[in-house]
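A.B. asks:
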Amino acid sequence: MQSPIKVNEAIKVVDNLDQETLCRVFSFLTAKECCIASCVQRSWRVVSSSDVLWRGFAWNKYQLKEPSRTPASTDDSELSFKEAFVAWENEYGKYSEAGVFARAKRCWAELEDWTRAHHEGIHESLGTGASEENLDSAEMALGVTFPPAMRVLYRLHDGQTLSFDEAEDNGRHVPGISIFHGLLGSYAFYDHMVSVRLLPLHRIVRWTAFFKDRRLVPEELMETHILLATSPGFQKRFYLDTSTGQVHVLCRAPHHGGWHRGGSGGSKAALPAIPAADTPGCPRDGFLRWMEEYARRLQSGVYTMAPSLLGLARYERQRASRCFAMLLNL
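Residue numbers (full-length UniProt numbering): 1 to 330.
1. Let me know if T74 comes out buried or exposed under the rule of 16 or more other beta-carbons within 10 Å of its beta-carbon.
2. Do you know offhand how far T70's Cα is from A87's?
3. Between Q41 and the rest of its own chain, which residues show a CB-CB distance below 6 Å, the 5 nearest in sequence each way excluded?
4. DSSP on Q160, reduced to helix/strand/coil?
5. Put V52 into one of helix, strand or coil per three-state DSSP.
6. Once DSSP output is grouped into helix, strand and coil, what is the label at K94?
7. Under DSSP, the alpha helix (DSSP H) around F210 begins and ends at which residues?
8. Once DSSP output is grouped into helix, strand and coil, what is the label at C282?
9. Should the segment 132-141 be regarded as contacting the segment 178-194, the criterion being three or more beta carbon pairs within less than 8 Å?
10. Determine the contact status of residue 380 and A104, defining contact as a CB-CB distance below 8 Å.
11. What separation, rounded to the nearest whole angstrom, lies between the Cα atoms of L201 and H157?
12. Return helix, strand or coil for T128, following the three-state DSSP convention.
13. Can the beta-carbon of L285 be found closer than 8 Å to that of V100?
14. Below 8 Å, can you find three or more Cβ-Cβ pairs linking the segment 191-198 to the segment 111-121?
15. Using the Cα positions of E20 and E66, report the straight-line distance between them to the nearest angstrom.
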């Protein structure tokens, strides 16, 4: 234990620091530690309220470039960075551990930027964020617990809302151009066309139950998997294992109309879409890693727009020989 004399000397040194230097020292604290420090003395309280300081906290934890309100807020009054941080902390603080929220927000920002620049129809189809209550209700209906990474991705965007889905709901089987607006890409070979859309929560609940009730999924997907994304006609389906966070893909082979078969005995088999290893400190983040890699490939030009598809080409034009592998695994 340090003697009172040494502690007092240290306090004097800190007290003699100018406000800019002290602000720099405080930037090494967490937001919570900064609030605690503000209770020590008046001069520290002034420094701990600095917008420069809270700008850093807001960016590091919530990727806020400006002091904006949360997407669900209807209040349009101006905020300081500290007020914005508190608002986002109250709404999304439970997801901030291990940087999962910042990763999800950065991933969606990249997807938003790309679709805004290249395909307005896909961009406009992105749903508003789901509420905690929406997610809890979906979990209860499905009898599973969503990984934190999935919850935060859906807090920011609740899948896609497409007019052809709504037409189907109303008993009208007119696909329309939105059938090509799958966020997760499209491809076509001869008369086989696939465009994969990210399902909103209510469709995840509906179609997961549909396929499980009819036992139209492999046995290994029955208990903990949910249908996350699919193409029209369900030729290609992506499932999320809620217990591990792994994403699996199930494909229908175009040449004979059957499902892709693997393993022994010819049973339907799901293929892993991503490596199984989680990000250190962030368990069950497979869906987020999958989305991050997809966003990276869009930004780097691996996947491009295909005018003949009216949508986003989901195979690498530079590596046509890999088309079959891409069809199965991505």
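Ideal Cβ placement from N, Cα and C applies to all residues, glycine included.
C.D. replies: Considering the structure as presented:
1. Taking the first residue of the sequence shown as position 1, residue 74 is located at position 74. By the beta-carbon neighbour count (other beta carbons within 10 angstroms, threshold 16), T74 is exposed.
2. Taking the first residue of the sequence shown as 1, we reach residue 70 at position 70. Taking the first residue of the sequence shown as 1, we reach residue 87 at position 87. Each residue's alpha carbon lies about 7 Å from the other.
3. Taking the sequence shown and counting its residues from 1, the one referred to as residue 41 is at position 41. Correct list: empty, nothing qualifies.
4. Counting from 1 along the sequence shown, the entry for residue 160 is found at position 160. Here Q160 sits in strand by DSSP.
5. Position 52 of the sequence shown, counted from the start, is the residue given in the question as residue 52. Judged by DSSP in its simplified three-state form, V52 adopts helix.
6. Along the sequence shown, one-based indexing puts residue 94 at 94. DSSP, reduced to helix, strand and coil, places K94 within a helical segment of the structure shown.
7. Residue mapping note: residue 210 aligns to position 210 of the sequence shown, counting from 1. Residues 201-213.
8. In the sequence shown, residue 282 corresponds to position 282, counting from 1. Strand at C282.
9. Not touching, per the Cβ criterion.
10. The chain is shown only over 1 to 330; residue 380 falls outside these bounds and no answer can be derived.
11. By 1-based counting over the sequence shown, the position of residue 201 is 201. By 1-based counting over the sequence shown, the position of residue 157 is 157. The alpha-carbon atoms of L201 and H157 are separated by roughly 10 Å.
12. The count along the sequence shown starts at 1 and reaches residue 128 at position 128. It is coil, neither helix nor strand.
13. Stepping through the sequence shown from its first residue, residue 285 is reached at position 285. Stepping through the sequence shown from its first residue, residue 100 is reached at position 100. A small correction: the amino acid at residue 285 is Asp; Leu does not occupy that position in the sequence shown. The answer is yes: Cβ separation under 8 Å.
14. No: fewer than three Cβ pairs fall under 8 Å.
15. What you label residue 20 is simply residue 20 of the sequence shown in a count that begins at 1. What you label residue 66 is simply residue 66 of the sequence shown in a count that begins at 1. Cα to Cα, E20 sits roughly 21 Å from E66.
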